[in-house]
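Notes follow the structure.
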């Protein structure tokens, strides 16, 4: 008896899940399928943007380090004057 109830519950949960997925597909206007070529192009663009981001982050870090080094020199010169 418990075995049959378990099977019935599993069937109902699968039906509910499939109906929910179909409703989401039907009423979600932003749902879009991509073909393989579009996906590959987007992946290449994403990788190029990540590379540009890494380069810009390195440049920002270099600028910050240069400013920090300059401030350190100025502070050192001020302490030598005292």
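Residue numbers (this note's numbering): 43 to 124.
Glycine included, every Cβ here is placed at the ideal spot set by N, Cα and C.
- For residue 66, the three-state secondary structure derived from DSSP is helix.
- The C-alpha of residue 64 lies about 18 Å from the C-alpha of residue 52.
- Per the coordinates, the alpha-carbon of residue 89 lies some 37 Å from the alpha-carbon of residue 114.
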